[in-house]
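Each residue of the sequence shown is one higher than the one before, counting from 16 in the working numbering. Working notes, structure below.
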Amino acid sequence: MKKRISDILAEGQKILQEAGIEDCSLDAWYLLEWAAGITRAVYYAHPEKELTDAQEKQYRASIEARSRRIPLQHITGEQEFMGLTFKVDEHVLIPRQDTEILVEAGLGQMKPGMHVLDMCTGSGCIIISLEKLWFQRKEADLKKQTQFTGADISREALVKAQENVQMHKSSVKLVQSDLFEHIKDRYDMILSNPPYIPTAAIEGLQAEVRCHDPYIALDGKEDGLYFYRRIIADAREHLADRGWLLFEIGYDQKESVEELMKAAGYVEIFAKKDLAGLDRVVGGRYIK
Numbered sequence: 016m017k018k019r020i021s022d023i024l025a026e027g028q029k030i031l032q033e034a035g036i037e038d039c040s041l042d043a044w045y046l047l048e049w050a051a052g053i054t055r056a057v058y059y060a061h062p063e064k065e066l067t068d069a070q071e072k073q074y075r076a077s078i079e080a081r082s083r084r085i086p087l088q089h090i091t092g093e094q095e096f097m098g099l100t101f102k103v104d105e106h107v108l109i110p111r112q113d114t115e116i117l118v119e120a121g122l123g124q125m126k127p128g129m130h131v132l133d134m135c136t137g138s139g140c141i142i143i144s145l146e147k148l149w150f151q152r153k154e155a156d157l158k159k160q161t162q163f164t165g166a167d168i169s170r171e172a173l174v175k176a177q178e179n180v181q182m183h184k185s186s187v188k189l190v191q192s193d194l195f196e197h198i199k200d201r202y203d204m205i206l207s208n209p210p211y212i213p214t215a216a217i218e219g220l221q222a223e224v225r226c227h228d229p230y231i232a233l234d235g236k237e238d239g240l241y242f243y244r245r246i247i248a249d250a251r252e253h254l255a256d257r258g259w260l261l262f263e264i265g266y267d268q269k270e271s272v273e274e275l276m277k278a279a280g281y282v283e284i285f286a287k288k289d290l291a292g293l294d295r296v297v298g299g300r301y302i303k
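The structure is reproduced here in structure tokens:
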């Protein structure tokens with residue numbers, strides 16, 4: 016006997032609650048919408064509606080996966096960022112709202128004709144979003160003058176980034192590189208959301224992050240500052256004169272990253288907070 020969607024939703028919520036999922040009701044809703052294409056408007060108008068066998072099977076499978084702490088985004092295969100949808104999987108860091116502050120900071124420094132690099136690009140969400148927002152602001156004839164590149168050490172991450180480039184009809188170029196190893200050009204701006212979690216702190220992260228985000232995208236080595244040191248030092252050879260270097264940072268890393276940049280000769284150093292009031296971006300300029 017088929018069950019009503021209201022009953023199936025309640026069962027999904029109960030399973031997630033018993034599994035200790037914090038947002039069990041919301042996640043059960045999202046998975047119902049994704050698996051069955053049921054909007055809330057349809058649900059409230061027709062709670063007695065029944066799912067097809069295929070829809071119910073997919074919903075139950077997605078609930079079971081979420082109960083095992085598999086991130087919602089890995090189940091649906093996508094995440095929204097800067098108003099755009101990006102494909103994600105276990106090979107890329109799931110885009111976070113906090114990272115939108117980095118895109119906004121980059122957009123604030125953009126000028127026509129700039130060459131921009133996103134180091135540790137992952138899904139490509141930062142550089143693709145920046146490109147889209149910039150081209151919305153400027154005339155079409157400026158598109159050929161402004162170039163965007165994303166670099167990552169992970170071949171698997173770049174496969175997903177390329178899918179996002181194609182999905183958004185983006186002109187972003189992708190390069191496989193261990194930081195600057197295969198980067199030959201100079202850039203007017205380099206952005207990066209590098210791994211910045213201290214190794215010892217990773218074990219204390221939520222299971223969704225600790226077990227399912229790629230470890231390589233989390234681990235900032237002993238003090239969380241390893242990649243900041245390397246990028247700050249090496250970016251000087253790959254920045255044009257007066258070029259910008261912008262980072263996403265952990266909430267308690269502002270002073271450390273600022274000091275690293277100052278010691279390396281960067282000037283006009285600034286910081287930006289996220290919507291929660293936490294330090295989230297540090298940037299500066301290198302004058303040769």
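Virtual Cβ for every residue (Gly too), placed ideally from N, Cα, C.
Only residues of its own chain outside the window of five on either side were considered, and among them W49 have a CB closer than 6 Å to the CB of T91, listed in chain order. Cβ atoms of Q112 and V103 stay farther apart than 8 Å, at about 14 Å. With respect to the C-alpha of G265, the residue from G258, E273, W259 having the closest C-alpha is E273.
In this structure the stretch 248-256 touches the stretch 194-211; the number of beta carbon pairs closer than 8 Å is three or more.
Taking each of H227, I231, K184 in turn and checking the Cα distance to D193, the smallest one comes out for I231.
Taking 7 Å as the cut-off, the beta carbon of I205 is found closer than this to the beta carbon of L260.
K287 and A120 have their C-alpha atoms spaced approximately 8 Å apart. Judged by DSSP in its simplified three-state form, R201 adopts coil rather than helix or strand.
Of Y243, R295, D289, the smallest CA-CA separation from A279 is found for Y243. Here the alpha carbon of T164 sits roughly 21 Å from the alpha carbon of V297.
Of the candidates G35, H227, E33, R19, the residue whose Cα lies closest to the Cα of L47 is R19.
I142 is the residue among I142, Q160, V57 whose C-alpha sits nearest the C-alpha of L173. Annotation: L31 to S21 spans about 16 Å, alpha carbon to alpha carbon. For the 7 Å CB-CB criterion, V107 and G128 do not form a contact.
L99 and G139 have their C-alpha atoms spaced approximately 12 Å apart. Bridge partners of Q191 according to DSSP: D167. Going by beta carbons, P86 and E223 fall inside the 7 Å limit.
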